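Enquirer: In terms of this note's numbering, the sequence shown opens at residue 32 and continues consecutively.
Beta carbons: idealized from backbone N, C-alpha and C, even for Gly.
Predicted, not measured: the structure shown is a model, and the values here were computed from it.
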Amino acid sequence: MRFPKRIFSTLATISLTTSFGLLSANASTKATTPMLGYRYDKQAANYQDLSSSDYYKDVWNNATASWKKAGFTWTKAATAKTTVSSYDGSSDMTLAGYNSVSYNKSTGEITSSKVRINRAVFEKYNYTKAERTNVAEHELGHALGIGHNNTDSVSVMNPANRYYTIQACDINGMKARYATTTTFDSVPNNPGEIITVTEYLHVQPKITNITTNYSSQSHSLILKGRAIGIEHLTLTYQGKKVRIVNVKSGQFKFAQQFKGYGDFKLMKGQQVLATIPSQQYATPKVKVTSAERTTKGIYYTLIGSRDATINIAQNGQVIKTIKNASATTKVFIPNAKIKNSTRGLTVTQRVTNKKTSQAVQLPPLKVNIKQVTNF
32 MRFPKRIFST LATISLTTSF GLLSANASTK ATTPMLGYRY DKQAANYQDL SSSDYYKDVW
92 NNATASWKKA GFTWTKAATA KTTVSSYDGS SDMTLAGYNS VSYNKSTGEI TSSKVRINRA
152 VFEKYNYTKA ERTNVAEHEL GHALGIGHNN TDSVSVMNPA NRYYTIQACD INGMKARYAT
212 TTTFDSVPNN PGEIITVTEY LHVQPKITNI TTNYSSQSHS LILKGRAIGI EHLTLTYQGK
272 KVRIVNVKSG QFKFAQQFKG YGDFKLMKGQ QVLATIPSQQ YATPKVKVTS AERTTKGIYY
332 TLIGSRDATI NIAQNGQVIK TIKNASATTK VFIPNAKIKN STRGLTVTQR VTNKKTSQAV
392 QLPPLKVNIK QVTNF
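#1: CA-CA distance, L54 and A191?
#2: Could you tell me the alpha carbon to alpha carbon distance between R381 and P395, rounded to whole angstroms?
#3: May I have a chain-ordered list of the beta strand (DSSP E) segments no shorter than 3 residues that lie completely inside the segment 62 to 113?
#4: For M188, does the three-state DSSP call read helix, strand or coil?
#5: Out of Y134, F283, D183, which one is the CA nearest neighbour of T242?
#6: Does DSSP put T159 in a helix, in a strand, or in coil?
#7: Hey, quick one: how far does the alpha helix (DSSP H) through Q310 stretch, first residue to last?
#8: For G120, which of helix, strand or coil comes out of DSSP?
#9: Under 8 Å by Cβ, that's how I've got N77 and A111 pegged, so tell me the actual separation to the nearest angstrom.
#10: Apart from the five residues on each side of it in sequence, which residues of its chain come closer than 8 Å, Cβ to Cβ, to R208?
#11: Nearest CA to the CA of H250: which residue from K385, D72, D89, Q389?
#12: Using 8 Å as the Cβ pair cut-off and three pairs as the minimum, do the segment 122 to 134 and the segment 142 to 162 touch?
#13: Note down the Cα distance separating V317 from Y245, rounded to an integer number of angstroms.
#14: For G204, does the three-state DSSP call read helix, strand or coil?
#15: For the alpha helix (DSSP H) holding A286, just list the boundary residues, first then last.
#16: Tell me whether G52 sits in a helix, a strand or coil according to DSSP, three-state version.
#17: Rounded to a whole number of angstroms, what is the C-alpha to C-alpha distance between T325 and A358?
#18: From the DSSP output, in three-state form, read off L396 for me.
#19: Using C-beta distances below 7 Å, list every residue in its chain close to K8, excluding the 5 sequence neighbours before and after it, in chain order.
#20: Can you name the residues that DSSP bridges to P365?
#21: Among Y312, T404, Q345, S133, which residue has its Cα nearest to the Cα of K255?
Written as structure tokens, this is what we have:
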């Protein structure tokens, strides 16, 4: 069987973008990982390990052992047309690795394969040894002739893979690739028929471990977190750009003054990487479940945050403060405090490291009137 011909330049480069992050275990997964247009003569191949460190030699040993267990036998040799190694890719921290394959476009026979993983990315973004092995397995999967599974698949060939080792779908893809017949012996190895395809594994920008605090002294939101594949971030507030955030050693921390209760966004270019809504940095509003006015004053029952400081104000002036409130708080405001007027009363609350809640208007009441609200 001859492989279908496609139009390629002498050197064809395909860029396959991936997003590294925690992947969904319920993702859509192709039962058989797709095959590429090339393969080895049989379900086995030699490889030469060019690694200079025992650590990365062990990574490749583990990765090839995983494929051998799955049914494809990689055998280490002194020389081979497939070479594996790590490299210092600090000049381009967007790449986690790549695989460059040369093959006969008429037969699909691989003539050489260069498999590389970027140790600079691994070190900067704290990949475990198991995760580095998963990336090595991914690149070896391309080298033997299988492509990417779906974007959110549970597959070593997930284009966003960092966390998965070889899965059943990948074994199915490898078996499907090697179930095809070859014409390696019947078609001459013409140098003009050899093309090279380079498949890049890009590190997609990602933000994790975001924490928020609010400083009431400086009226600032304090944001910190980790960033993958990012040197600089853009911070917007209510849709407007407010600052450029520098990322150092994969981490960021800064304080931003602001007013209101709008959404913050951390962006790279036009891509939104994280949204911080007011629910994340501000104390929630108080709920008023009952309000009753007597000849002596007003009784309120409030539902709020435990250990909050609750302030009741009239026309902007605080007239009652309750510290370390319980989840349900009963409050009495004497007539003397409100000068017999129940208009202009508001209630707010604040917990440590959060912005004061938005104000809730308290209803004006007449004597011997009780209002009850069920939530």
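Expert: If we stick to the structure as given:
#1: Residue placement at L54 cannot be trusted, given a pLDDT of 40 that sits under 50; what the coordinates show is reported in the next sentence. Cα to Cα, L54 sits roughly 8 Å from A191.
#2: Using only the alpha carbons, I get a separation of about 24 Å.
#3: Entirely contained in the segment 62 to 113, the beta strand (DSSP E) runs reaching 3 residues are, in chain order, 75 to 80, 104 to 107.
#4: coil
#5: F283
#6: coil
#7: 309 to 312
#8: coil
#9: Indeed, because the Cβ distance is near 4 Å, the residues count as touching under 8 Å.
#10: M66, L67, R70, L175, G176, I177
#11: Per the Cα distances, K385.
#12: yes
#13: Approximately 19 Å between the Cα atoms of the pair.
#14: helix
#15: No alpha helix (DSSP H) contains A286, which is instead part of the beta strand (DSSP E) from 282 to 288.
#16: For G52, the pLDDT reaches just 36, beneath the cut-off of 50, and the residue's location in the model is therefore unreliable, although a value from the coordinates is still provided. Here G52 sits in coil by DSSP.
#17: Computed Cα separation, rounded: 25 Å.
#18: coil
#19: Because the chain in this structure spans residues 32 to 406, residue 8 falls outside the shown range and cannot be described.
#20: G328
#21: Y312
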